Ligand code: DGY
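Residue numbers (the numbering used here): 254 to 575.
See the structure below:
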């Protein structure tokens, strides 16, 4: 009997590739750079399963070509690159990688918050370029966490882990905004559920971990930034499109807010001509929230396991059920 065919859209580690090869015929894009769209469309026509990443848009055009596709597994917790309605209407099973990247992403969010609030990159640049002339009482001062109010927008697994990690920094209050109440988890962390407006008004640090969906797109707009404190620090490690980026640029230029730390933006990679790169009060990272070697290895393995189980009609370790 012929083995099911899987297309892998990126160069991945040998362990995950070998796992797939035990049960499947594997064809893989062998570069770390994204597979060109034409190449992807050409390759999906006879595959049973697809191993994809966040830069592969899985839309109607692709699905119309992938007539035999039964299982789709994305190496990500986010799935805004998947046209879910089109996928579901074709009864294709979807796997994803929640949980295993929670710690790495929470850790990176805290690192980005500290880098932004204590101006680490700006200060490092000053030290390297001769701008550091002498110690001075108010030079390179930032915003501290002690006694502050932290607002977390999106209080899922990642938001909760960020809350836990920030508590030891002696923050006074942790506020959260979430579609549903997370009473038990909030109690453990000592977090209070508030409205979006209240969170914006009260928080010294606004941290975004909410998933991108039609109702969250551009929720951080001019109006939202105007409600925030002029001393506030805005941190986004979810998706760039939850922010109206032009409004954020204006808010940073006009000092409506104090600073922003972004691991995600629109588009990615951010063009070098973006005004965000010209701002001293903006720290930009290239979407590395889950980027620890262990986490990424676990993500490729889970993506492969989802495919194998899905193809065997067994329970997938992490099926995306919507
Ligand atoms: C995800 O998993 O959705 C991240 O954005 C990439 O790790």
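All C-beta atoms in this analysis are idealised placements derived from N, C-alpha and C, irrespective of residue type, glycine included.
All values reported here derive from a predicted model rather than from experimental measurement.
I'd like the list of long-range same chain contacts for residue i, defined as Cβ closer than 6 angstroms, with 5 residues on each side in sequence excluded.
{"i": "residue 309", "result": "262"}
{"i": "residue 444", "result": "416, 427 and 429"}
{"i": "residue 493", "result": "517, 518 and 519"}
Mind checking which residues open and close the alpha helix (DSSP H) that includes residue i?
{"i": "residue 548", "result": "546 to 564"}
{"i": "residue 521", "result": "Premise fails: residue 521 is in no alpha helix (DSSP H) and is neither H nor E."}
{"i": "residue 534", "result": "First-last for residue 534: undefined, no H or E at that position."}
{"i": "residue 454", "result": "449 to 455"}
{"i": "residue 391", "result": "It is not in any alpha helix (DSSP H) - residue 391 carries neither H nor E in the DSSP assignment."}
{"i": "residue 304", "result": "First-last for residue 304: 302 to 305, but that is the beta strand (DSSP E), not the alpha helix (DSSP H)."}
{"i": "residue 567", "result": "Careful: residue 567 lies outside any alpha helix (DSSP H) and carries neither H nor E."}
{"i": "residue 410", "result": "410 to 419"}
Give me, in chain order, the residues of the same chain whose beta-carbon lies closer than 8 angstroms to that of residue i; leave out the 5 immediate sequence neighbours on both sides.
{"i": "residue 224", "result": "Only positions 254 to 575 of the chain appear in the structure, and residue 224 is not among them; the question remains open."}
Assuming residue i and residue j are in contact, meaning their beta carbons sit under 8 angstroms apart, how far apart are those beta carbons, in whole angstroms?
{"i": "residue 490", "j": "residue 358", "result": "6 angstroms"}
{"i": "residue 572", "j": "residue 350", "result": "11 angstroms between Cβ atoms; not a contact."}
If you count every other CB in all the chains shown that lies within 10 Å of the CB of residue i, and 16 or more means buried, which is it?
{"i": "residue 328", "result": "buried"}
{"i": "residue 345", "result": "buried"}
{"i": "residue 511", "result": "buried"}
{"i": "residue 284", "result": "exposed"}
{"i": "residue 402", "result": "buried"}
{"i": "residue 522", "result": "exposed"}
{"i": "residue 525", "result": "exposed"}
From what residue to what residue does the beta strand (DSSP E) around residue i run?
{"i": "residue 327", "result": "324 to 327"}
{"i": "residue 402", "result": "402 to 406"}
{"i": "residue 426", "result": "426 to 430"}
{"i": "residue 478", "result": "Per DSSP, residue 478 belongs to no beta strand (DSSP E); it is in the alpha helix (DSSP H), 475 to 480."}
{"i": "residue 577", "result": "Nothing about residue 577 can be reported from this structure: the residues present for the chain run from 254 to 575 only."}
{"i": "residue 515", "result": "512 to 515"}
For residue i, which residues in the same chain have their Cβ closer than 7 angstroms to its Cβ, ignoring the five residues on either side in sequence?
{"i": "residue 508", "result": "483"}
{"i": "residue 312", "result": "336 and 339"}
Validate contact between the segment 329 to 349 and the segment 377 to 393 using beta carbons, cut 8 angstroms, 3 pairs: no
Across the segment 269 to 281 and the segment 311 to 324, are there enough close Cβ pairs to call them in contact, namely three or more that are closer than 8 angstroms? no
For the segment 553 to 568 against the segment 527 to 536, do three or more pairs of beta-carbon atoms, one drawn from each stretch, fall closer than 8 angstroms, so that the two count as touching? no
If contact is defined by three or more beta carbon pairs under 8 angstroms, each pair taking one atom from either stretch, is the segment 433 to 443 in contact with the segment 454 to 467? no
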